[in-house]
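*Asks:*
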Amino acid sequence: ATSYDHAATANSQYRTFRASGTGSVLDLGNLTSITNNSLNYNSNIVIEALNGGQVDLRRVTQMQDTAAGDQRYRAISVTADGPASVVNLSSLVSLRDAYAGGDGTGEDRFSSLNPKNGGSILVNTANTLVSNVMVTLQSNGTVTGSLELATGSILQGAGTITGNVVNGALVRPGSPLGILNITGNYTQSGVGVLNIDLGGNSPGTLYDQLKITGSATLDGTLNVTLANGFVPALGNSFRVVQASSRTGTFSVLNLPTLAAGFRWDIAYDGTGLVLSVVV
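Going by my numbering, the sequence shown opens with residue 147, and the numbers climb by one from there.
What follows is the structure in structure tokens.
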């Protein structure tokens with residue numbers, strides 16, 4: 147078979163593809179498409195590489211949770227958890243979910259990519275478009291390949307994208323505070339949003355940072371929020387975007403209110419953006 151279509155016959159039917167343990171390999175290398183097309187709610191496709199296991203989906207180009215039937219609580223979730231755990235989707239062109247949104251806990255469940263604890267998910271090095279998909283990097287999780295975030299998608303956490311990122315949706319570093327590393331270029335479109343939390347003066351441990359080894363091209367919106375009761379003081383500065391080079395600026399900046407007499411200094415330089423508290 148070259149395609150897998152999950153057409154559940156009842157509600158709450160899951161189909162799980164899992165490789166668990168060092169040396170375990172689930173070879174699905176002949177598949178080219180995966181579809182969650184159930185008429186029933188809470189019907190999910192789960193793909194997991196755990197504890198050093200590997201799932202080989204190297205020829206899959208399309209994955210989608212379609213608009214057919216009852217879309218409530220439906221999703222496709224892909225997880226690589228643990229050192230040397232790998233899900234290979236290196237030919238993936240697109241992952242789309244027809245019904246997702248909110249905070250991810252309601253009936254409009256996101257499809258997701260979840261590398262964590264040293265696990266890695268491989269996507270297309272040229273470009274993988276994700277629509278209504280939540281990409282969460284935790285504890286040194288890695289996505290290897292390039293991502294284009296289409297409307298409704300979220301890229302979040304503290305880990306590494308080894309590839310380029312085009313943000314036409316939402317990026318929010320940290321889990322809850324941390325550094326999101328992009329080993330490549332970052333481009334934020336006019337509809338893209340970057341969320342940053344400030345909880346102190348140290349990047350990664352006390353405030354969020356987007357760290358890019360390549361170029362940063364900025365547009366769209368920057369939202370900055372204070373966390374953990376932090377009150378910025380005179381002289382505090384926060385390099386929220388760090389890159390090897392920068393062009394463009396955010397067209398909308400939503401910054402927290404400071405104490406009376408203080409204001410934000412917004413300083414774009416050749417390698418990013420620094421926010422400082424001045425009088």
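Ideal placement from N, C-alpha and C gives every residue a C-beta, glycine not left out.
Would a C-beta distance cut-off of 9 angstroms place D254 and I222 closer than the cut-off?
*Replies:* Within the sequence shown, residue 254 is the residue found at index 108, counting from 1. Within the sequence shown, residue 222 is the residue found at index 76, counting from 1. No.
*Asks:* Relative to the C-alpha of R392, which candidate in G360, T162, R409 and S257 has its C-alpha closest?
*Replies:* The residue given as residue 392 occupies position 246 in the sequence shown. Of the candidates G360, T162, R409 and S257, the one whose C-alpha sits nearest the C-alpha of R392 is G360.
*Asks:* So is V448 buried or exposed if we call it buried at 16+ other beta carbons inside 10 Å?
*Replies:* Because the chain is modelled from 147 through 425, residue 448 falls outside the range shown and cannot be assessed.
*Asks:* Check whether the Cβ atoms of V276 and L241 lie closer than 9 angstroms to each other.
*Replies:* Here residue 276 refers to the residue found at position 130 when the sequence shown is read from its first residue. Here residue 241 refers to the residue found at position 95 when the sequence shown is read from its first residue. Yes.
*Asks:* For the candidate residues L238, V339 and G324, whose alpha-carbon lies nearest to that of T351?
*Replies:* Mapped onto the sequence shown, residue 351 falls at position 205. Nearest of L238, V339 and G324 to T351, Cα basis: G324.
*Asks:* Please report how far the alpha carbon of S231 lies from the alpha carbon of A406, in whole angstroms.
*Replies:* For the purposes of this step, residue 231 is taken as the residue at position 85 of the sequence shown. For the purposes of this step, residue 406 is taken as the residue at position 260 of the sequence shown. The alpha-carbon atoms of S231 and A406 are separated by roughly 51 angstroms.
*Asks:* Taking G309 and G287 to be in contact with their CB atoms under 8 angstroms, please state how far apart those CB atoms are, rounded to whole angstroms.
*Replies:* Residue mapping note: residue 309 aligns to position 163 of the sequence shown, counting from 1. Residue mapping note: residue 287 aligns to position 141 of the sequence shown, counting from 1. Not a contact, Cβ separation roughly 14 angstroms.
*Asks:* D151 to L185, Cα distance in whole Å?
*Replies:* For the purposes of this step, residue 151 is identified with residue 5 of the sequence shown, where counting begins at 1. For the purposes of this step, residue 185 is identified with residue 39 of the sequence shown, where counting begins at 1. Their backbone Cα atoms lie some 12 angstroms apart in a straight line.
*Asks:* If we ignore side chains and look at the alpha-carbon of each, how far apart do Y245 and I180 end up?
*Replies:* The residue labelled residue 245 in the question sits at position 99 within the sequence shown. The residue labelled residue 180 in the question sits at position 34 within the sequence shown. When rounded, the distance between both Cα atoms is 17 angstroms.
*Asks:* Would you say the beta carbon of S348 comes nearer than 8 angstroms to a heavy atom of the ligand NAD?
*Replies:* Ligands displayed in this structure: none; no statement on the ligand NAD is therefore possible.
*Asks:* Under the assumption that F384 contacts Y353 (Cβ atoms under 8 angstroms), give the Cβ distance between them as a whole number of angstroms.
*Replies:* Residue mapping note: residue 384 aligns to position 238 of the sequence shown, counting from 1. Residue mapping note: residue 353 aligns to position 207 of the sequence shown, counting from 1. About 6 angstroms; that satisfies the 8 angstroms criterion.
*Asks:* On the three-state DSSP scale, how would you describe S348?
*Replies:* For the purposes of this step, residue 348 is taken as residue 202 along the sequence shown, with counting starting at 1. S348 falls in the coil class under three-state DSSP.
*Asks:* For F376, which three-state DSSP category applies?
*Replies:* Counting from 1 along the sequence shown, the entry for residue 376 is found at position 230. Three-state result, F376: coil.
*Asks:* With a Cβ-Cβ cutoff of 9 angstroms, do V192 and T155 count as a contact?
*Replies:* The residue given as residue 192 occupies position 46 in the sequence shown. The residue given as residue 155 occupies position 9 in the sequence shown. No, they are not a contact pair.
*Asks:* Return the Cβ separation of V387 and L344 in integer angstroms, given the expectation that the two are a contact with Cβ distance under 8 angstroms.
*Replies:* The residue labelled residue 387 in the question sits at position 241 within the sequence shown. The residue labelled residue 344 in the question sits at position 198 within the sequence shown. The Cβ separation is near 13 angstroms, so there is no contact.
*Asks:* Below 7 angstroms CB to CB, which residues in the same chain sit around G418 once its five sequence neighbours on both sides are set aside?
*Replies:* Counted from its first residue, the sequence shown places residue 418 at position 272. Only A362, R385, V387, Q388, A389 and R392 meet the Cβ criterion.
*Asks:* Could you work out which residue in G252, N183, L340 and A153 is closest to N369 when comparing CA atoms only?
*Replies:* Start at 1 with the first residue of the sequence shown, and residue 369 comes out as number 223. Checking every option, the nearest Cα to that of N369 belongs to L340.
*Asks:* Examine chain E for any beta-carbon lying closer than 9 angstroms to the beta-carbon of A230, and answer yes or no.
*Replies:* Given the protein chain composition of this structure (a single chain), no chain E is represented.
*Asks:* Specify the secondary structure class of L235 as computed by DSSP and reduced to three states.
*Replies:* The count along the sequence shown starts at 1 and reaches residue 235 at position 89. L235: coil per DSSP, three-state reduction.
*Asks:* If you follow the beta strand (DSSP E) that D227 is part of, which residue opens it and which one closes it?
*Replies:* By one-based count along the sequence shown, residue 227 stands at place 81. That run of the beta strand (DSSP E) goes A221 to D227.
*Asks:* Using a 10 Å radius around the Cβ and a threshold of 16 neighbouring Cβ atoms, would you call P319 buried or exposed?
*Replies:* To locate residue 319, count along the sequence shown from 1; it is residue 173. Under this definition P319 is a buried residue.
*Asks:* Work out the CA separation of G303 and L326 for me, nearest whole Å.
*Replies:* Position 180 of the sequence shown holds residue 326. Position 157 of the sequence shown holds residue 303. When rounded, the distance between both Cα atoms is 6 angstroms.
*Asks:* Select from N313, I358 and P322 the residue whose C-alpha is nearest the C-alpha of G330.
*Replies:* For the purposes of this step, residue 330 is taken as residue 184 along the sequence shown, with counting starting at 1. G330 has its Cα closest to that of I358, out of N313, I358 and P322.
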